[in-house]
Amino acid sequence: MLIKMKDKMRDGSFWPKKLLPIALAIFILFPLLSEPKNLVLLPAEPPAKIPYKILKKYPHPPGSFTQGLVFEDGFLYEGTGQYGSSCLRKIKLETGEIVKEARLPRQLFGEGITILKDKIIQLTWLSQIGLVYDKQSFQHLDTFQYPIPIEGWGMTTDGEHLIVSDGSSKLYFLNPESYEVKSRLEVRDTSGPVHKINELEYADGAIYANIWQSAKIIKIDINSGRITGFMDLSELIPEQYKGHSDYVLNGIAYDYEKKRFFVTGKMWPHVFALELLVAK
Ligand SMILES: [Ca+2]
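Here the sequence shown is numbered in my numbering, starting from 187 and rising by one per residue.
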């Protein structure tokens, strides 16, 4: 049998003539089409607990199902979810007063927001679209289609990209003009990928993230995806929402000027200002 096969290969009749071009194409294209097999190294060190200090608590407008939070010039910008009541809001930090609001159509469930230059971008959960607003007027400027079929969860920016989460362990870095995916990052700890990555905040070269239905905020290395630290914010959960599966910790904003973080949760009555006590 072996001899016969060898003979056929030698005289060129092993491959029927019609199949030869197809076989050659597969031989040439296969290495190009297959995914590169990168060697993934898990971080050796478990993430360290980041101590923090509560600086102050501020009023959080009632009924805020927080999905996105940003701070700029004394105001919180908040994107809220749920069908029929999703909105984008500008809130005076000290008083919790809503000074500007744009309501989403009933069929859209609002998700993460970020501010890039003079625009506010807001994701939607399952509709595959994002909304673009003028930062000053809240006028709706544009609607864009997601470049890949993902759910919209959290969003932040490093000033160059829109950084988006979809509830998995992945972060997507999008071109803010074309919305193309420029790169992806997998978030990992010593056990492997960490899922349910939700609201995001880029601050001083790292990405901070809520994990859905967890009282933890993780700090992610933007180059490797490694979790380098975490905050346990269990003590901030309002008494009435302890053990609640919907009204969970969500929303991180960073004040670059005063180096403080703002955190809150869905329907929580307060926004907390925190100082991270990082080892010197
Ligand atoms: Ca944020």
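Beta carbons are placed, not taken as given, at the ideal position from N, Cα and C, and that holds for glycine.
So, with DSSP's three-state summary, where would you put residue i?
i, result
"residue 268", "coil"
"residue 219", "In this prediction, residue 219 scores a pLDDT of 49, lower than 50, which makes its location untrustworthy; no coordinate-derived value is stated."
"residue 312", "coil"
"residue 293", "coil"
"residue 442", "coil"
"residue 279", "coil"
"residue 458", "strand"
"residue 385", "strand"
"residue 369", "strand"
"residue 425", "helix"
"residue 420", "helix"
"residue 254", "strand"
Would residue i and residue j qualify as a contact pair, given that the criterion is a beta-carbon distance under 8 Å?
i, j, result
"residue 302", "residue 350", "no"
"residue 254", "residue 385", "yes"
"residue 256", "residue 299", "yes"
"residue 473", "residue 453", "Because the chain in this structure spans residues 187 to 466, residue 473 falls outside the shown range and cannot be described."
"residue 304", "residue 321", "yes"
"residue 311", "residue 282", "no"
"residue 379", "residue 355", "yes"
"residue 279", "residue 260", "yes"
"residue 418", "residue 439", "no"
"residue 353", "residue 382", "yes"
Whole-angstrom Cβ separation of residue i and residue j, contact assumed at under 8 Å?
i, j, result
"residue 233", "residue 404", "7 Å"
"residue 392", "residue 408", "6 Å"
"residue 468", "residue 243", "A question about residue 468 goes unanswered here, because the residues of the chain that appear run from 187 up to 466."
Open item on the list: Counting beta carbon pairs with one atom in the stretch 288-297 and one in the stretch 260-279, are three or more of them shorter than 8 Å?
Closed with: yes
Open item on the list: Any contact between the stretch 330-343 and the stretch 372-380? By contact I mean 3 or more CB pairs, one from each, below 8 Å.
Closed with: no
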